[in-house]
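The structure appears right after this line, and notes come after that.
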Amino acid sequence: MATAEQLNQAIGLIQSNQHADAEALLTPLLNQSAADADVWQLIALARKGQLDLPRNALELATAIMAARADYEEAVDCL
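Using the working numbering, read the sequence shown as starting at 1 and increasing by one per residue.
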């Protein structure tokens, strides 16, 4: 079971946008106690925080336009 100190450290990392560090801290805790809802919730937040959706959308639209310059809908993604 995760200690309050470990959970608070993970929360601090997530709040300071250090999502990968939070996930690295939480993963061993998850392996030790797979039924710990607090760890599951925090690891989900850490993983969600690592998503850079605007950058991913831009990369997708750029790749589509590079492959098919006549595909006008790709411009709408920008």
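The beta-carbon is built from N, C-alpha and C at its ideal position, and this holds for glycine as well.
Residue state for Asp21 is assigned as helix, using DSSP reduced to three classes. A contact is defined here as three or more CB-CB pairs under 8 Å, and the stretch 14 to 26 meets this definition with respect to the stretch 43 to 50.
Pairing Glu5 with Leu45, the inter-Cα distance amounts to about 18 Å.
C-alpha of Ala66 to C-alpha of Thr27: approximately 38 Å in a straight line.
Contact annotation, Leu7 with Leu42: C-beta distance approximately 7 Å; criterion of less than 8 Å satisfied. The distance from the Cβ of Leu25 to that of Ala35 is about 18 Å, inconsistent with a contact at the 8 Å cut-off.
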